[in-house]
Amino acid sequence: MITRIHIQNYRTFKNLNIEPQDGLNIIVGNNEAGKSTLLEAITLVLNGRLNGRWIGEELNPYWFNIDIVNDYFSAVSRGDSVAPPTILIEIYFGKNDEPQRLRGKNNYFHEDCPGIQLCIELDPEYRDYLKRYLESDHPPVLPTEYYQITWKGFDGTPLNRRPIELRTSIIDGRTIRSTRGIDVQTRQMLSDYIDENESVDLSVAYRQARHKLTEDILSKVNTRIKADTQTIHNRNLGLQMDQSSSSSWEYNIVPHIDTVPFSMAGQGQQVLMKIALALKSSEEKSNFIIIEEPENHLSHTSLTKIVKLIETLSCGRQTFIATHSSYVLNRLGLDRLILLHDGDEAKFEDLSTDTIDYFKKQSGYDTLRLVLARKLVIVEGPSDEMLFNRAYYDSTGNYPIDDEIDVITQGTRNRRALELCHVLNRSVAVLRDVDQQSPEYWKGKAIDYLEDGKREMFIGYREQGETLEPQIFYANQIREIELKEIVGCPEDKNLCEYMTTNKTESAWRIASSDKSIDYPQYFIDAIKFIRKL
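Going by the UniProt record's numbering, the first residue of the sequence shown is number 1, and it counts up by one from there.
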């Protein structure tokens, strides 16, 4: 298994060091966090190829981290003597893992283990060319034409092809199509079902069929062409079916789903079949499975099937999944999560087992919002969420989301979310009803996860009301008539009882009113706290 992934100066990663787990590894992060880049780096080192092409054919200046490149050109312009940027990507395997012939200490950490290193650096033979380039009027782009690629084992031996022991299945849920409507990986997986003898039989039969078409149908056409062109050329011009390797049967057999060509099926169906096919066909053939966005184009029911397949068929193989789906994350386990943020990672192994199980059972809970939020406010219910958003707007002129603050409804079980925030070192304000206890009671139950100035809990005083609606009533006692009008409470009804009975409707009317109200003190304190972070 892969025990360590080390990346320097590749795309978004300046210096990334990840120690993945055996089995499942779920990679999440905001857009541009580097999820696809991490999977790409793993593929590059294991296979020596990207998008089906040798590394050297794909190399371009934008593989290098832009900050490192800019720093380099700035240093050169100042006259500093600095080494040109290099890319280093290493994959480390367990000490007793195969292939042992790749074992050595030729790696960044001088660790004695099998592994593969990919290094992209200036070719010494082109050092003078680079010097002249830097002295000329050049764009701030590295001339990768002067760079060399070294792909070798930790024993120091150069690699020319993928080691046979390292088999990888790559599954791209984004359905990137080729000109024939099916990507390279899917075509390869289908071809794996055809053995060598069948391949030979297909090739011969296909060549004979093309020859027969030339002899039977095109012979008449060629007779007419010959008659029309014999006066202008002394050689016979004609047509025949292509017999070259570029038109072999592999490029002309079209997969079908039922009787519909694969390329004409719905994208959701394509993704479902691709992932299912890849997992099944690689069951005994692959050590590593790489899956990108399995949720793409899938309904919830189809996604459920895929997640079940991943759980079942990935056993015994190390699997890397990049996803935006909270369902995938919850079902497969938060303890398997690698969060990418600002070129670094955070793992969730410190979460308690019961909290991991809790989120697995809450498959519909939007865990990723909690994981990815920069600043977070956790409230009990939809009424609290609507009123907090409006209170924030009345206080600042912006809604929380405008200031990159995510307000999430968690119910009364906010301890689970707090534990997750604690592991992530995430800033969070938690608002809850006092109910029939004291504020100190509820804070005491969450004491392990709270931290002054970082993660705080805000609760109203019990004498001002056990739930939100009495708290709102208490804060607006001198404006009772106006508040009655805002929430639509009949004149003969008790306002506090009416709001308590009609929680969501009352909150919606307050939130959408053109008049503002006064808010409980714990709302005001929470707003001040979250804005200071």
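C-beta atoms are modelled at their ideal positions from N, C-alpha and C, and glycine is treated no differently.
Per-residue burial, residue i [other beta carbons within 10 Å of its own, 16 or more giving buried]
| i | result |
| --- | --- |
| residue 141 | exposed |
| residue 139 | exposed |
| residue 429 | buried |
| residue 335 | buried |
| residue 178 | The pLDDT assigned to residue 178 is 39, lower than 50, so where the model puts this residue is not dependable, and the model offers no usable value. |
| residue 137 | exposed |
| residue 487 | buried |
| residue 213 | exposed |
| residue 293 | buried |
| residue 465 | buried |
| residue 490 | exposed |
| residue 356 | buried |
Proximity to residue i [Cα-Cα], best of the options
| i | options | result |
| --- | --- | --- |
| residue 475 | 517, 242, 195 and 201 | 517 |
| residue 483 | 514, 112 and 457 | 514 |
| residue 167 | 394, 32 and 42 | 42 |
| residue 29 | 344, 532, 81 and 66 | 344 |
| residue 163 | 144, 202 and 103 | 103 |
| residue 39 | 23, 114 and 5 | 5 |
| residue 354 | 56, 372 and 330 | 330 |
| residue 160 | 128, 81 and 55 | 55 |
| residue 605 | 288, 337, 309 and 328 | Because the chain spans 1 through 533 in this model, residue 605 falls outside it and cannot be assessed. |
| residue 462 | 437, 395 and 45 | 437 |
| residue 3 | 22, 270, 427 and 79 | 22 |
| residue 325 | 318, 319 and 337 | 337 |
| residue 8 | 31, 118, 50 and 79 | 118 |
For residue j and residue i, the rounded distance between their alpha carbons
| i | j | result |
| --- | --- | --- |
| residue 64 | residue 468 | 53 Å |
| residue 176 | residue 519 | Residue confidence for residue 176 is low, a pLDDT of 47 falling below 50, so the modelled location carries little weight; the figure read from the coordinates is stated next. Answer to the nearest angstrom: the Cα atoms are 51 Å apart. |
| residue 225 | residue 238 | 6 Å |
| residue 459 | residue 453 | 16 Å |
| residue 16 | residue 314 | 26 Å |
| residue 400 | residue 389 | 6 Å |
| residue 146 | residue 131 | 11 Å |
| residue 14 | residue 150 | 19 Å |
| residue 148 | residue 450 | 52 Å |
| residue 532 | residue 422 | 19 Å |
| residue 235 | residue 207 | 25 Å |
| residue 209 | residue 199 | 15 Å |
| residue 507 | residue 479 | 16 Å |
| residue 72 | residue 295 | 40 Å |
| residue 75 | residue 101 | 41 Å |
| residue 528 | residue 521 | 11 Å |
| residue 58 | residue 92 | 24 Å |
| residue 204 | residue 197 | 11 Å |
| residue 181 | residue 351 | In this predicted model, residue 181 has a pLDDT of only 42, less than 50, meaning its place in the structure is not dependable; the value taken from the coordinates is given anyway. Each residue's Cα considered, the two are about 43 Å apart. |
| residue 50 | residue 44 | 6 Å |
| residue 456 | residue 311 | 37 Å |
| residue 485 | residue 477 | 14 Å |
| residue 105 | residue 143 | 31 Å |
Identified DSSP bridge partners for residue i
| i | result |
| --- | --- |
| residue 153 | 116 |
| residue 121 | 148 |
| residue 344 | 341 |
| residue 54 | 49 |
| residue 321 | 26 and 291 |
| residue 17 | 6 |
| residue 451 | 455 |
| residue 104 | 113 |
| residue 443 | DSSP lists no partner for residue 443. |
| residue 169 | 289 |
| residue 405 | 375 |
| residue 90 | 6 and 117 |
| residue 143 | Beta-bridge pairing links residue 143 to no other residue. |
Distance CB(residue i)-CB(residue j) smaller than 7 Å
| i | j | result |
| --- | --- | --- |
| residue 378 | residue 417 | yes |
| residue 585 | residue 171 | Any question about residue 585 goes unanswered here, given that the chain covers just 1 to 533. |
| residue 120 | residue 153 | no |
| residue 370 | residue 26 | no |
| residue 1 | residue 94 | yes |
| residue 62 | residue 90 | no |
| residue 165 | residue 99 | yes |
| residue 473 | residue 496 | yes |
| residue 114 | residue 97 | yes |
| residue 85 | residue 68 | yes |
| residue 407 | residue 440 | no |
| residue 12 | residue 34 | yes |
| residue 504 | residue 382 | yes |
| residue 375 | residue 530 | yes |
| residue 66 | residue 10 | no |
| residue 415 | residue 373 | no |
| residue 24 | residue 319 | yes |
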